[in-house]
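Everything on this sheet refers to the single structure shown next.
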Amino acid sequence: MFESVAVAEFDRPQVVVLTRFQDGEAEAVLKAFDKKTPGAIVEAVKAALSRPEASGEAGKMAEAYPVGGGDGLPARIIIAGLGKKEKLKEGDFRTLAAAVGRRMAATKETTLAVHIGAAIGETGLDAGLAGRCFGEGLGLLSWNNQQFKGKGTEQKKRAALQVKADRKTVEKGMVLGLKLAEAVNLARTLSETPPNVATPAFMAEQAKKVAKLGGLELTVIEGKQLEKEKLVGHINVGKASENKPCMIRLAYTPQTLKKNKTKPVVLIGKTMTYDTGGLSLKVNNGMVGMKRDKDGGCAVLGAMLAIATEIKPTRPVVAYLCAAENSISDEAYRPDDIITYRNGVTVEITNTDAEGRLVLADAFCYACDKDDPAYIVELSTLTGGVVTALGSTYCGMFCDDDALRAKVEKASTVSGERVWRLPMHQEYREMMKSPVADILNSNPNRKAHAGQGAAFLSYFVKEGTAWCHLDIAGVHATESESGPFVKGPTGWGVRILCDLLSGE
Ligand code: BES
Ligand code: MN
Ligand code: ZN
289 MFESVAVAEF DRPQVVVLTR FQDGEAEAVL KAFDKKTPGA IVEAVKAALS RPEASGEAGK
349 MAEAYPVGGG DGLPARIIIA GLGKKEKLKE GDFRTLAAAV GRRMAATKET TLAVHIGAAI
409 GETGLDAGLA GRCFGEGLGL LSWNNQQFKG KGTEQKKRAA LQVKADRKTV EKGMVLGLKL
469 AEAVNLARTL SETPPNVATP AFMAEQAKKV AKLGGLELTV IEGKQLEKEK LVGHINVGKA
529 SENKPCMIRL AYTPQTLKKN KTKPVVLIGK TMTYDTGGLS LKVNNGMVGM KRDKDGGCAV
589 LGAMLAIATE IKPTRPVVAY LCAAENSISD EAYRPDDIIT YRNGVTVEIT NTDAEGRLVL
649 ADAFCYACDK DDPAYIVELS TLTGGVVTAL GSTYCGMFCD DDALRAKVEK ASTVSGERVW
709 RLPMHQEYRE MMKSPVADIL NSNPNRKAHA GQGAAFLSYF VKEGTAWCHL DIAGVHATES
769 ESGPFVKGPT GWGVRILCDL LSGE
C-alpha cells in the first residue's frame with residue numbers, strides 16, 4: 289500500500305490522529321492542543337465532536353477539516369474511537385493504524401501525526417508497546433502484494449509515508465514495530481513467491497541473505513550430506529522433484545555468552561516449497577495454494593532476521609528450515625515404503641501427503657543430537673484437520689510442558705497471534721503404531737488428524753526436551769482483508785517468535 293513507512297520529523301502533518309474514549313469526556317480530546325494550536329483546528333475538532341461517528345466507540349472514526357486558517361493546517365483530523373477505557377489493549381493500536389493507513393492511502397496523504405500518549409496515560413497501558421503495535425499496523429499494511437504484476441498491469445504508484453507521535457516512547461515503539469513488520473513482510477513475500485521460483489535451493493539463497501544481514505552462521509545440508517546425516521525424511525519426500533531438498537540451519541550467537549544460558553532455543557519450520565501430495569496425489573483442487581506449504585519456514589526465517597537485528601536475546605538461537613518439494617515421478621517415495629530415521633525409529637509410509645511430519649522429524653532428531661536445546665518450537669502448515677477445528681482464528685498449539693506453554697501464550701498475547709491448546713495423549717501415540725514398522729506416518733482412519741501430527745513428531749524428540757508444535761495451516765494466510773492484512777499470506781509466527789525470544 290505504501291512504498292515505505294518511516295518515523296520522521298516534520299512540521300506540518302497532512303493528517304492528525306486524535307483519540308477519544310467512549311466512556312470519557314468529549315472535551316478530553318482537546319487536551320492534545322495548547323495555546324499555539326491554530327484556532328481553526330480547535331474549532332473544526334469542536335464541531336466534529338458532536339457528530340455520531342465521534343462517539344468514541346472502538347473502530348469509529350470522525351473527520352474534521354480545519355478551514356480558513358491559512359497554510360500549514362492539516363487537511364484532515366481523525367478523531368478515532370478507542371472504546372471503553374478498561375477494555376483497551378495495546379494491540380488495538382495495530383487495528384487503528386491499519387484503518388488510518390487505509391484512509392491515507394485512499395486520500396493520497398503522506399504525513400501523519402499521532403496523538404495517543406495522553407490516552408494511554410489514562411489507562412496504564414505500555415506506551416512503547418502501543419507505539420510498536422501502531423508501527424506494526426502501518427508496516428504490515430505497506431506490504432507490496434503487487435510484486436508479481438508484470439507489463440500487463442498498470443503499476444500503481446505507492447507513496448512514502450512519514451509518521452510521528454506525541455511521545456518519544458511511542459515513537460521508539462513505532463520504530464521497532466516497523467522493523468518487526470519488515471521481517472513479517474519478508475515471510476509474506478516468500479510465501480507469495482511461486483513454486484517455480486521458490487525451490488529449496490532458492491530458500492537456501494534467501495537464508496544466506498538473512499544470515500549476511502544478521503551476522504548468522506549458515507549451514508545448508510544437501511545431497512550426499514543428507515545421506516551421511518541420515519536425514520531420510522528430506523531424502524524421501526524430496527526424491528521425486530528436480531528441485532533437490534535441503535535442510536537449512538541458521539545459528540545466532542549472542543555477543544557475550546552467559547554461563548547459565550548456553551543452551552539454544554531451537555526453531556523449526558516446515559518449508560515444503562510445493563505439496564502435490566506425492567503419489568497420494570491431492571485431488572479436487574486441494575493442490576491450489578500449496579506454494580504456501582513453506583510458510584512455517586518463511587516465518588522462522590523472518591523471525592531469525594528480526595531476532596538477530598532487533599531482539600538480540602542473550603541466549604543462542606538455532607533455526608532449521610526443512611526444505612523439499614513433494615512431487616511425483618518414477619523416483620517418488622511411495623505408500624508402503626519403510627524408512628529408518630537417525631534415531632533408529634522406523635516409519636511405514638501410508639500416505640505420501642503426510643509429508644511435513646517426515647521432514648520435520650529429521651530436524652527434531654538432528655537438533656536433539658547436535659544442539660542440546662533449551663526447548664524447541666516448531667511451526668508447520670501440517671494438517672487440514674486443524675483448519676476444521678480452529679478455522680483461521682487460532683493456531684493449534686500442542687505443548688505439554690507447562691513452563692514453555694506459558695511462555696508461548698505470553699508471547700501470543702503481545703503479538704496478537706492467537707494460539708489454542710490442543711491435546712496430546714498416549715492414545716494418539718498408539719494410533720501411530722504400525723503393524724510392520726515402529727510407526728506409520730498417517731493412520732488411515734481420519735480421527736484426530738491434527739493430534740496425529742503431533743503424536744508422530746513426539747517419537748523424534750529426546751526424552752526430557754520441552755517442545756511445542758504450532759500447526760499454522762489455518763492462520764498462515766487469510767481469504768479476506770482484515771486489520772492490517774490484505775487477502776493472502778499473514779506471516780503468522782514471526783512476531784510471536786520474536787516476543788518469545790525477547791524474554792530470553
Ligand atoms: N500441507 C498439508 C496441510 C494443509 C492443508 C496446509 C490445508 C494448508 C491448508 C499437509 O501436508 C497435508 O497434506 N495434510 C493432510 C494429511 C493427511 C494426508 C494425513 C491433511 O491434512 O489432509
Ligand atoms: Mn501434504
Ligand atoms: Zn504439506
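Everything in the sequence shown is counted per the working numbering, starting at 289 for the first residue and increasing by one. The beta-carbon is built from N, C-alpha and C at its ideal position, and this holds for glycine as well. For clarity, every value in this text was computed on a predicted model and none was experimentally measured.
Counting C-beta pairs closer than 8 Å gives three or more between the stretch 298-310 and the stretch 335-352, which meets the contact rule. Residue range 583-594 is occupied by the alpha helix (DSSP H) that includes glycine 585.
Look at cysteine 656 here: in three-state DSSP terms it is helix.
Secondary structure of glycine 438 (DSSP, three-state): coil.
With contacts defined as CB atoms closer than 8 Å, asparagine 639 and serine 568 qualify as a contacting pair.
Set against 7 Å, the gap from the CB of glycine 565 to the closest heavy atom of the ligand MN is smaller. Those residues whose C-beta sits under 5 Å from the nearest heavy atom of the ligand BES are, from N- to C-terminal order along the chain, Asp563, Asp581, Asn639, Asp641, Ala642, Gly644, Thr669, Thr671, Gly672, Ser730, Ala761.
Counted as a single uninterrupted DSSP element, the stretch harbouring glycine 427 is not any beta strand (DSSP E) but the alpha helix (DSSP H) occupying residues 415-429.
Contact between the stretch 587-600 and the stretch 632-646 is absent, with fewer than three C-beta pairs closer than 8 Å. Annotation for arginine 537: the continuous beta strand (DSSP E) segment containing it runs 534-540. Around the beta-carbon of tyrosine 353, fewer than 16 other beta-carbon atoms lie within 10 Å, marking it exposed. Residue state for cysteine 786 is assigned as helix, using DSSP reduced to three classes.
Two segments are said to touch when three or more pairs of C-beta atoms, one from each, lie closer than 8 Å; by this definition the stretch 641-657 touches the stretch 711-731.
By the C-beta criterion, the stretch 312-322 is judged not to be in contact with the stretch 374-392, since fewer than 3 inter-stretch pairs fall below 8 Å.
Within the same chain, and ignoring the five residues on either side of aspartate 454 in sequence, the residues whose Cβ sits closer than 6 Å to its Cβ are His403, Gly405. Rounded to whole angstroms, the gap between the alpha carbons of leucine 384 and valine 571 is 41 Å.
Annotation for glycine 684: Val674, Leu678, Leu710, Ala738, Asp759 place their beta carbon closer than 6 Å to its own, counting only its chain and skipping 5 residues before and after. By the neighbour-count definition (other C-beta atoms within 10 Å, threshold 16), glutamine 543 is an exposed residue. Taking all protein chains shown into account, leucine 545 has fewer than 16 neighbouring C-beta atoms within 10 Å of its C-beta and is therefore exposed. For isoleucine 404, no beta strand (DSSP E) run applies, since DSSP gives it neither H nor E. Residue pairing by DSSP places valine 304 opposite Ile365, Ala401 in a beta bridge. Of the candidates Ala539, Pro604, Tyr540, the residue whose Cα lies closest to the Cα of asparagine 548 is Pro604. Around the beta carbon of lysine 467, a 10 Å sphere encloses 16 or more other beta carbons of the protein chains shown; the residue is thus reported as buried. Of the residues assessed, alanine 612 falls on the buried side of the cut-off, its CB having 16 or more other CB atoms within 10 angstroms. The alpha carbon of isoleucine 509 has as its nearest neighbour, out of Lys518, Gly502, Leu501, the alpha carbon of Lys518. Listed in chain order, the beta strand (DSSP E) runs fully inside the stretch 317-364 are 349-352, counting runs of at least 3 residues. Annotation note: the stretch 702-759 contains the following uninterrupted alpha helix (DSSP H) runs of length 4 or greater, listed N- to C-terminal: 714-719, 737-746. Apart from sequence neighbours up to five positions away, the residues of its chain that approach glutamine 494 with a beta-carbon distance below 7 Å are Leu478, Leu589, ordered along the chain. If the five residues before and after leucine 593 are omitted, its C-beta is found closer than 7 Å to the C-beta atoms of Ala471, Leu474, Val498, Leu501, Gly502, all from its own chain and listed in chain order.
Take the alpha-carbon of histidine 764 and the one of isoleucine 365: they are about 35 Å apart.
For asparagine 614, the CB falls within less than 7 Å of some heavy atom of the ligand MN.
Bounds of the beta strand (DSSP E) holding methionine 560 are 553-563. With fewer than 16 neighbouring CB atoms inside 10 Å of its own CB, glycine 409 falls in the exposed class.
Between the alpha carbons of alanine 655 and threonine 671 lies a gap of roughly 23 Å.
In the displayed model, lysine 496 falls within a helix according to three-state DSSP. Listed as beta-bridge partners of methionine 685 by DSSP are Arg709, Leu758.
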